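Protein sequence lines, in the order shown, are assigned to chains A and B. The first sequence lines up with residues 3 to 92 when you count with our numbering. The second sequence lines up with residues 11 to 537 when you count with our numbering.
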Amino acid sequence: MIDKEYIMKLRIEKARWQEELSKAPSYKYIQAHKRKFGKEPVFIGRTWIDDPENIKRINDALIKGVPYDEYEMLNEEEKQMYDEGGLIID
Amino acid sequence: MRCIDVENYPGFETIKSAPLEYAIGKAFKEAEAKTEAYEQDKVAQAVDRLKTEGADSDAGVTFNEDGTVYEGPGYLIPINENETTTVALSVNNIKRLIKRYGNKGPYVKVHIKKHARDPNKPYQPDKVTVSYNVIVPKDKAHLAQIIAKVAGRKYLINTEGSLAINVENPRKGITKRLALSGARLKDLQASLTAGELPKFIVDEYNKMGLDHHINKYGQKIAKPEPKPKAKPKPKPKPQPKPKKKPKAKPETKPEVEPTPDEGSTNVDTGNDSFDYLINNNATEEAKKVITKLGVPTIKTTNRRGAIFNPAFVVIELAEKENRGAEIISSLLHEYGHFTDYRTSVGLDDANSPWVTNPHLSVAKRAKLTFTFSARLRAAFKKDAENNGIMWSGFGKFKDAEDAALNGADMELVKKYDNRERVLRGLKSTLDSMRYELTKARNISYAAVGAVSDIIDAMTNGAFFTDYNSAGHGKKYYSREHFRYMETFANLFELWSLKDRTLWNEVSRLFPETTSQFEVLMGEVLND
């Protein structure tokens, strides 16, 4: 038996969390990237998206009109190694 | 824009008109100018003079701490600045600023700069920058350049004519400026009075990796010679105290020769700045492990982040665009990958699967190379389960709501619900930790990403992708062996740092994994 009240509570919490996430400094840049290029910016190394340096990179990509994609920044050999799991990127 | 009522003008009772507003404002000002109080008010006069400057004029005014206009020569280094327009520029606000910064000392001045309009834009308000600044005497222009360069300022203002002067080679790629407030500001003022640079500026400059160093007078000096290769300084052992104190015999030799292990270990990577960072921020044990396992080739690149390439045993690091905290974090992390690689293949390169199994695909060789001990793997899974963020059979449902709507039993639904709460809580804890460590200028702040990345690996990338935390994300962690490889490197990074804040935190969160890691490192050291 589905507990409707419990599900409602879960939904409210989820909505609150989404609202919280939308306050992140990178949020509007990622949304703009999605709108402009149809996909989120691609980071392949260990990173924190809200890092001002990353926000600057997304912003620059929006200005230049080229999607931000760190995978595309690798050369062909590196791409192959990365695809096969042999290149560790941080 | 203000609304101005025009009486007896049918159809135009309320109009919005910039020229009319300007004319009325001007009339008010002229009337005000005639009053005696205005005659005494130097701030109001200076602000009005700026407001009535022509559109093409670049002008500025500097105020002393008592509100009088500073008319002497000198260079201003902006500490904080705000942009506004001449319309919004308020005399009272400027007075408040002068009052607020008046107690900071004679070397802090409030400056207002009006910028010339851009001739390519049809209509625009006159832009004004209001800043408070450190003033450097004109004969110490070279000190002003150095301070501005180190503090990440892009320009200085010459008080004579309010001309902005670009700073030569500002710190590239650094978005955060060096804070100049509180104790530093006092230090700066005291040093400028003595015609010297403060120690923190000299130290920061010498860490910038230029081909020279400077002394406190701003003069270029040669870089100190690199430290000699890891030769531990023998520490003489204190002699056991005899019960009765005999008279000192100058020719007495120590009974036991000091062993090399007793001194501090110095890592030599072949790069002075990396050596400095590791030797000052890593624990003795970590330095011993690094020295024992050898040094891979370290290349510096211009791209973001860092890479460990096991095929060529090379670490690639973006040195220039990062600060010390990011470099030490990346460096120790990549050494973690290297340690994982070395402990898996042994110290002999000839045993490396990269050499012995050349017929295997890169992926298979990578998996063979990074074994991530079975004990550690079990501990990792146990910690994930104990924290309620991963369990066997996870992934059947998207989240708690999905589980509830698709017939999962209540216990499982609550397990999903609890997982979400735990991850939200962890994100919030790590965000505050990062904030606090950054605020305290603790070099470990960048390594908070390592704690977050371990959680990201445990959640198969969800912590990064769905919770906006530091990590690699779902795409990267869709490959299972990456989860273990990255966790090993993250643990090594945290375990190596001399500052134990983060290792203590990760030990609290993941006691099984961290204790197994400590055992593993002990085995490496005693092997």
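Glycine included, C-beta positions come from ideal geometry on N, C-alpha and C. Source: prediction; values computed, not measured.
In the DSSP output, which residue or residues are listed as bridge partners for residue i?
i, result
"A4(B)", "In the structure as shown, chain B begins at 11 and stops at 537. Residue 4(B) is therefore absent and cannot be evaluated."
"L303(B)", "None, per the DSSP bridge assignment."
"G70(B)", "K123(B)"
"V534(B)", "DSSP output for V534(B) lists no bridge partner at all."
"D71(A)", "V44(A)"
"I9(A)", "None, per the DSSP bridge assignment."
"F318(B)", "I90(A), I325(B)"
"L507(B)", "A292(B)"
"H347(B)", "Its beta-bridge partners do not exist; DSSP assigns none."
"K230(B)", "I224(B)"
"I14(A)", "DSSP output for I14(A) lists no bridge partner at all."
"K309(B)", "E326(B)"
"T49(A)", "G481(B)"
Do we get a CB-CB distance below 8 Å when we pair residue i with the residues of chain A?
i, result
"S340(B)", "yes"
"K148(B)", "no"
"N291(B)", "no"
"P320(B)", "yes"
"A98(B)", "no"
"M468(B)", "no"
"F492(B)", "yes"
"I317(B)", "yes"
"Y486(B)", "yes"
"A389(B)", "no"
Once you ignore the five residues that flank residue i on each side, which residues in its own chain have a CB closer than 6 Å to its CB?
i, result
"E170(B)", "P83"
"I288(B)", "V277"
"A232(B)", "none"
"P43(A)", "H35, I60, Y70"
"Q526(B)", "R385, L386, A389"
"L447(B)", "S454, Y455"
"N216(B)", "H223"
"N225(B)", "I231"
Taking the straight line between their C-alpha atoms, what separation do you get for residue i and residue j?
i, j, result
"L535(B)", "N500(B)", "19 Å"
"D149(B)", "T203(B)", "12 Å"
"P129(B)", "T72(B)", "26 Å"
"R313(B)", "Y142(B)", "36 Å"
"I9(A)", "N416(B)", "12 Å"
"T279(B)", "I51(A)", "31 Å"
"F474(B)", "V146(B)", "46 Å"
"L173(B)", "K123(B)", "9 Å"
"M400(B)", "M468(B)", "7 Å"
"K230(B)", "H223(B)", "6 Å"
"A158(B)", "H125(B)", "21 Å"
"L504(B)", "L512(B)", "6 Å"
"G112(B)", "A65(B)", "31 Å"
"K392(B)", "E522(B)", "7 Å"
"S340(B)", "G334(B)", "10 Å"
"A296(B)", "L153(B)", "39 Å"
"T439(B)", "Y477(B)", "13 Å"
"R18(A)", "A26(A)", "13 Å"
"A413(B)", "D85(A)", "33 Å"
"Y29(A)", "L23(A)", "7 Å"
"Y445(B)", "I104(B)", "32 Å"
"K209(B)", "S479(B)", "36 Å"
"D213(B)", "G87(A)", "41 Å"
Quick one: is residue i near chain B, going by C-beta distance under 8 Å?
i, result
"K25(A)", "no"
"D62(A)", "no"
"I46(A)", "yes"
"E74(A)", "no"
"Y8(A)", "yes"
"D71(A)", "no"
"G88(A)", "yes"
"K66(A)", "no"
"I51(A)", "yes"
For residue i, which residues from the same chain have a beta carbon less than 8 Å from its beta carbon, with the 5 sequence-adjacent residues on both sides left out?
i, result
"G227(B)", "Note on identity: in this sequence residue 227(B) is Tyr, with Gly being the wrong assignment. Counting only Cβ-Cβ distances below 8 Å, and skipping sequence neighbours, we find G205, E206, L207."
"E515(B)", "M443, V461"
"L99(B)", "V57, L60, K61, I122, V138, V140"
"Y53(B)", "Note on residue identity: the sequence assigns Val, not Tyr, to residue 53(B). Within the same chain, V53(B) has close Cβ partners F73, G77, V101, I104, K105, I108."
By Cβ distance below 7 Å, which residues in the same chain neighbour residue i in space, the five residues on each side in sequence not counted?
i, result
"R510(B)", "none"
"V177(B)", "Q155, A158, K159, R163, K164, Y165, L166"
"A410(B)", "V423, Y426, D427, E430"
"A457(B)", "S339, E503, L504, L507, L512"
"M531(B)", "E295, V299, W505"
Cβ of residue i versus every heavy atom of the ligand NAD: is any distance shorter than 7 Å?
i, result
"A389(B)", "In terms of ligand content, the structure shown is empty, and the ligand NAD therefore cannot be addressed."
task: Could I get the ranges of all uninterrupted alpha helix (DSSP H) runs contained in the region 74 to 152 of chain B, with 4 residues as the minimum, in chain order?
output: 101 to 111
- request: Entirely within the region 160 to 217 of chain B and at least 3 residues each: give me those beta strand (DSSP E) ranges in chain order.
  value: At a cut-off of 3 residues, the continuous stretches assigned as beta strand (DSSP E) that sit fully inside the region 160 to 217 of chain B are 165 to 168, 173 to 176.
field: alpha helix (DSSP H) runs wholly inside the region 413 to 498 of chain B, at least 4 long, in chain order
entry: 420 to 449, 458 to 468, 472 to 475, 484 to 487
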